[in-house]
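Undergrad: Got a structure here, written out as structure tokens. Questions coming.
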Amino acid sequence: MATHQVQEGFSSNKAPLFDGTNYAFWSIRMKTYLMALGFDIWQSVTVGYTIPSVPPTDQAGKKAFENNAKAMNAILCGLSESEFVKVMQCDTAKEIWDKLRTIYEGDDKVKRAKLQTHRRQFESLKMKDEENVAAYLLRVDEVVNAIRGLGENIEESIIVQKILRSLPLRFDAKVSAIEEMKDLDKLSMDELHGILTAYEMRTESNRPSKKEAAFKVSKKEKIKEPESNENSSSEEDDKEALFIRKLKKGSGKYKGKLPFKCFNCGKIGHFAAKCPEKEDSDDEESKPKFKREFKQNKGKKRFGKQKKSLYSKGSSRSSEESGISDSDSDNEEILFMAIKDDLERDEDMEEKGEVNLEEELICALGELKALKKKNQKQKLQILKYEEEDRNFEAKISQSLEESGKMIVDLKTQIEEAKRVEEELRNQLRTKEEDCEKRESEIVALRKDLEKAMLKLQVI
Numbered sequence: 001m002a003t004h005q006v007q008e009g010f011s012s013n014k015a016p017l018f019d020g021t022n023y024a025f026w027s028i029r030m031k032t033y034l035m036a037l038g039f040d041i042w043q044s045v046t047v048g049y050t051i052p053s054v055p056p057t058d059q060a061g062k063k064a065f066e067n068n069a070k071a072m073n074a075i076l077c078g079l080s081e082s083e084f085v086k087v088m089q090c091d092t093a094k095e096i097w098d099k100l101r102t103i104y105e106g107d108d109k110v111k112r113a114k115l116q117t118h119r120r121q122f123e124s125l126k127m128k129d130e131e132n133v134a135a136y137l138l139r140v141d142e143v144v145n146a147i148r149g150l151g152e153n154i155e156e157s158i159i160v161q162k163i164l165r166s167l168p169l170r171f172d173a174k175v176s177a178i179e180e181m182k183d184l185d186k187l188s189m190d191e192l193h194g195i196l197t198a199y200e201m202r203t204e205s206n207r208p209s210k211k212e213a214a215f216k217v218s219k220k221e222k223i224k225e226p227e228s229n230e231n232s233s234s235e236e237d238d239k240e241a242l243f244i245r246k247l248k249k250g251s252g253k254y255k256g257k258l259p260f261k262c263f264n265c266g267k268i269g270h271f272a273a274k275c276p277e278k279e280d281s282d283d284e285e286s287k288p289k290f291k292r293e294f295k296q297n298k299g300k301k302r303f304g305k306q307k308k309s310l311y312s313k314g315s316s317r318s319s320e321e322s323g324i325s326d327s328d329s330d331n332e333e334i335l336f337m338a339i340k341d342d343l344e345r346d347e348d349m350e351e352k353g354e355v356n357l358e359e360e361l362i363c364a365l366g367e368l369k370a371l372k373k374k375n376q377k378q379k380l381q382i383l384k385y386e387e388e389d390r391n392f393e394a395k396i397s398q399s400l401e402e403s404g405k406m407i408v409d410l411k412t413q414i415e416e417a418k419r420v421e422e423e424l425r426n427q428l429r430t431k432e433e434d435c436e437k438r439e440s441e442i443v444a445l446r447k448d449l450e451k452a453m454l455k456l457q458v459i
């Protein structure tokens, strides 16, 4: 509830200024100001003054005229220009006072509607966590004064109990102590204010400062802040590009062989098995230099290893058969043929391995794209669920708020119905008493009538 300050002059001789807002507070202060001017002046506002047809000549008439003029001057000096226009046609102080009250308080229906609003505000009062005791009790006083300004009295014990119910959790221990040690029906607002303020001062040092709390909250929010769709998609693209670069570098025995290079012609983009320049001739001179160098290097490496094993076998055999040269030459031819077969098998295995690596790369990229699409769909689904959850929570909070208002209205209607029921019962009780009196009177009259009839019969 917004607070409004009643403007006033720089001395106690100036009336409080009314600008059309917060009439309840202004009326109380203006009433006090008029009463301070004198009892007769305030009586001219409440009782009224009848303007004579001719100017008064006696002392009492002149005094009443002066009192009305002083009251009118005080009230009009306390009105702004926009409010002065509304009452400038009034001739007496009572007319001005009553007209302002009718405009801003209204008739009985308007008062009841305003009371309903202020009662709802009183029932929904609750102290905020960042609010101190003085500020909260000031809000309570504003609502209570607004209700009292409309003519309804609220007992102080009800206000005290409402304040104790609406305090935050950090006051639970003190509230329990107050309920056990104090009589809530006799506890005054001033005493409660002092108790709560002292408790707040003792516990204030243990609470974290606002700057520290704000820093912690902002830090948590930064950590929990979700990334945007653009950032997430760009990161996924970067990861995919990094994955492809790693695959192009190769690993193990295929390291450095991506992009794929033909071992027949040395060109990029196809394998030796599918080379368009491949020839059927096995002549080493007719083959490209790239393939010849590759096979020579491979042949030297493998031949060295086999030749070493051949020497060990030949030495053991030479000790037994030293004069047989034909058998040695046959063994050498068989050895070289085995090396050539091994080289061809190695080339086939490498080509198959490269083919398999390309297929694995294509499959991995396909799976990566499928997973990326699936991930995006899941993210969209999660966002959809979060939006539905937020809408559902908003509907629940709105329903709870409406339910709270309906409960307050129903409580007010129940109280009003109880009051009307009590009035009707009192009226019924009064009517019953009147009926009993009438019946007793009727019985007495009947007795008198019977006596009169007996006398007439005797006569």
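Last residue of the sequence shown: 459 in the UniProt record's numbering, with the numbers rising by one and none dropped.
All C-beta atoms in this analysis are idealised placements derived from N, C-alpha and C, irrespective of residue type, glycine included.
Computed from a prediction, not measured in an experiment: that's the story for all the values here.
1. Below 8 Å on the Cβ atoms is my contact criterion, and I expect residue 152 with residue 115 to pass it. Report the Cβ-Cβ distance as a whole number of Å.
2. Distance, Cα to Cα, residue 457 vs residue 448?
3. Is residue 17 helix, strand or coil by DSSP?
4. Report the residue from 382, 74 and 429 whose alpha carbon sits nearest the alpha carbon of residue 45.
5. Please state if the CB of residue 125 and the CB of residue 166 are separated by a distance shorter than 8 Å.
6. Let me know the beta strand (DSSP E) ranges lying completely inside the segment 91-119, each 3 residues or longer, listed in chain order.
7. Based on DSSP bridge pairs, tell me the residues matched to residue 79.
8. Just to confirm, is the Cβ distance from residue 92 to residue 48 under 8 Å?
9. Check this for me: beta carbons of residue 106 and residue 24, under 8 Å apart or not?
10. Since I believe residue 30 is in contact with residue 78 (beta carbons under 8 Å), could you give me their beta-carbon distance rounded to a whole number of angstroms?
11. Under 8 Å, with one C-beta from each stretch per pair, do the segment 126-135 and the segment 197-206 reach the 3-pair mark?
12. Could you pull the start and end residues of the alpha helix (DSSP H) that residue 487 belongs to?
13. Which whole-angstrom value is the C-beta distance of residue 154 and residue 140, which I expect to be below 8 Å?
14. Helix, strand or coil for residue 72 per DSSP?
15. Could you pull out every residue in the same chain whose Cβ sits closer than 8 Å to the Cβ of residue 118, ignoring the five residues on either side in sequence?
16. Note the first and the last residue of the continuous alpha helix (DSSP H) segment covering residue 34.
17. Can you give me the C-alpha to C-alpha distance between residue 109 and residue 63, rounded to a whole angstrom?
18. Considering only their Cβ atoms, is the gap separating residue 96 from residue 85 smaller than 8 Å?
19. To which residues of the same chain is residue 122 closer than 6 Å at the C-beta, ignoring the five residues directly before and after it?
20. Going by other Cβ atoms of all chains shown within 10 Å of its Cβ, with 16 needed for buried, is residue 181 buried or exposed?
21. If you drop the 5 nearest sequence neighbours on each side, which residues of the same chain put their C-beta closer than 8 Å to that of residue 111?
22. Helix, strand or coil, according to DSSP, for residue 320 in the structure here?
23. Quick check on the DSSP output: what are the complete alpha helix (DSSP H) runs of length 4 or more inside the segment 116-170, in order along the chain?
24. Going straight from the alpha carbon of residue 455 to that of residue 440, what length do you get?
25. With distances taken from CA atoms, which of 20, 94 and 178 is nearest residue 103?
26. Starting from residue 198, trace the alpha helix (DSSP H) in both directions and tell me its first and last residue.
27. Under a three-way DSSP split, which group does residue 183 fall into?
28. Assuming residue 418 and residue 120 are in contact, meaning their beta carbons sit under 8 Å apart, how far apart are those beta carbons, in whole angstroms?
29. How about residue 67 and residue 40: do their beta carbons lie closer than 8 Å?
30. With DSSP as the reference, label residue 2 as helix, strand or coil.
31. Once DSSP output is grouped into helix, strand and coil, what is the label at residue 51?
32. Which of helix, strand or coil does DSSP assign to residue 89?
33. Which same chain residues end up closer than 7 Å to residue 175 when comparing Cβ atoms and leaving out the 5 residues on each side of it in sequence?
34. To which residues of the same chain is residue 320 closer than 7 Å at the C-beta, ignoring the five residues directly before and after it?
35. Give me the residue from 161, 101 and 54 with the minimum Cα distance to residue 22.
TA: With the structure as the only source:
1. Taking the first residue of the sequence shown as 1, we reach residue 152 at position 152. Taking the first residue of the sequence shown as 1, we reach residue 115 at position 115. At roughly 6 Å, the Cβ-Cβ gap stays under 8 Å, so residue 152 and residue 115 are in contact.
2. Against the sequence shown, residue 457 aligns to sequence position 457. Against the sequence shown, residue 448 aligns to sequence position 448. If you draw a straight line from the Cα of residue 457 to the Cα of residue 448, it is about 14 Å long.
3. Translated into positions along the sequence shown, residue 17 becomes position 17. In this structure, residue 17 counts as strand in the three-state DSSP scheme.
4. Taking the first residue of the sequence shown as 1, we reach residue 45 at position 45. Checked all of 382, 74 and 429; the closest Cα to residue 45 is 74.
5. Within the sequence shown, the letter at position 166 stands for residue 166. Within the sequence shown, the letter at position 125 stands for residue 125. Contact: yes.
6. As summarised for the segment 91-119, there are no continuous beta strand (DSSP E) elements at least 3 residues long confined to that stretch.
7. The residue labelled residue 79 in the question sits at position 79 within the sequence shown. BP columns for residue 79 point to 18.
8. As a working mapping, residue 92 is identified with position 92 in the sequence shown. As a working mapping, residue 48 is identified with position 48 in the sequence shown. Cβ atoms of residue 92 and residue 48: closer than 8 Å.
9. Reading the sequence shown from its first residue, position 106 is the one you call residue 106. Reading the sequence shown from its first residue, position 24 is the one you call residue 24. For the 8 Å CB-CB criterion, residue 106 and residue 24 do not form a contact.
10. Here residue 78 is taken as the residue at index 78 of the sequence shown, counted from 1. Here residue 30 is taken as the residue at index 30 of the sequence shown, counted from 1. Contact holds; Cβ gap of about 6 Å.
11. Between the segment 126-135 and the segment 197-206, the count of C-beta pairs closer than 8 Å reaches three or more; the two stretches touch.
12. Outside the modelled stretch of the chain, which goes from 1 to 459, sits residue 487, for which no answer is possible.
13. The residue labelled residue 154 in the question sits at position 154 within the sequence shown. The residue labelled residue 140 in the question sits at position 140 within the sequence shown. Contact doesn't hold; Cβ gap of about 11 Å is too wide.
14. Residue numbering aside, residue 72 sits at position 72 when the sequence shown is read from its first letter. Secondary structure at residue 72: helix, using DSSP grouped into helix, strand and coil.
15. Translated into positions along the sequence shown, residue 118 becomes position 118. Excluding positions up to five away in sequence, the list reads 143, 146, 147 and 150.
16. To locate residue 34, count along the sequence shown from 1; it is residue 34. Segment 23-37, the alpha helix (DSSP H) holding residue 34.
17. Residue mapping note: residue 109 aligns to position 109 of the sequence shown, counting from 1. Residue mapping note: residue 63 aligns to position 63 of the sequence shown, counting from 1. Annotation: residue 109 to residue 63 spans about 38 Å, alpha carbon to alpha carbon.
18. Taking the sequence shown and counting its residues from 1, the one referred to as residue 85 is at position 85. Taking the sequence shown and counting its residues from 1, the one referred to as residue 96 is at position 96. No, Cβ-Cβ distance for residue 85 and residue 96 is not below 8 Å.
19. For the purposes of this step, residue 122 is taken as the residue at position 122 of the sequence shown. Contacts found: 143.
20. Taking the first residue of the sequence shown as position 1, residue 181 is located at position 181. Residue 181 should be labelled exposed.
21. Residue mapping note: residue 111 aligns to position 111 of the sequence shown, counting from 1. Setting aside the 5 residues that flank it on each side, residue 111 is surrounded in the same chain by 105, 150 and 151, each with a C-beta closer than 8 Å to its C-beta; the list follows chain order.
22. Locating residue 320 in the sequence shown gives position 320, counting from the first residue. Reliability of the predicted coordinates at residue 320 is poor, the pLDDT of 41 falling under 50, and the value obtained from them is presented with this limitation in mind. Coil at residue 320, not helix or strand.
23. If only complete runs of 4 or more residues are kept, the segment 116-170 shows the alpha helix (DSSP H) at 133-149 and 156-165, in order along the chain.
24. Looking up residue 455 in the sequence shown gives position 455. Looking up residue 440 in the sequence shown gives position 440. Going from the Cα of residue 455 to the Cα of residue 440 covers about 23 Å.
25. For the purposes of this step, residue 103 is taken as residue 103 along the sequence shown, with counting starting at 1. Closest in C-alpha terms to residue 103, from the list 20, 94 and 178, comes 20.
26. The residue labelled residue 198 in the question sits at position 198 within the sequence shown. Per DSSP, residue 198 belongs to the alpha helix (DSSP H) from 189-204.
27. For the purposes of this step, residue 183 is identified with residue 183 of the sequence shown, where counting begins at 1. Coil.
28. Residue 418 sits at position 418 when you count from the first residue of the sequence shown. Residue 120 sits at position 120 when you count from the first residue of the sequence shown. Contact between residue 418 and residue 120 is absent: CB atoms are separated by about 18 Å, not below the 8 Å threshold.
29. The residue you call residue 67 lines up with position 67 of the sequence shown. The residue you call residue 40 lines up with position 40 of the sequence shown. Cβ atoms of residue 67 and residue 40: closer than 8 Å.
30. As a position in the sequence shown, residue 2 is number 2, starting the count at 1. Reliability fails at residue 2, whose pLDDT of 44 lies under 50, so the model's placement of it is uncertain and the value that follows must be treated cautiously. In the structure shown, residue 2 sits in coil (DSSP, three-state: anything other than H, G, I, E or B).
31. To locate residue 51, count along the sequence shown from 1; it is residue 51. Residue 51 carries a coil assignment under DSSP once its states are collapsed to helix, strand and coil.
32. Sequence index remark: in the sequence shown, residue 89 carries index 89 (1-based). It is coil, neither helix nor strand.
33. The sequence position of residue 175 within the sequence shown is 175, counting from 1. For residue 175, the CB contacts under 7 Å within the same chain, skipping 5 residues up- and downstream, are 164 and 167 in chain order.
34. Translated into the one-based positions of the sequence shown, residue 320 becomes position 320. Interpretation of residue 320 is limited by its pLDDT of 41, a score under 50 that renders its predicted location unreliable; the figure taken from the coordinates is listed afterwards. Same-chain partners within the cutoff: there are none.
35. Along the sequence shown, one-based indexing puts residue 22 at 22. Ranking 161, 101 and 54 by Cα distance to residue 22 puts 101 first.
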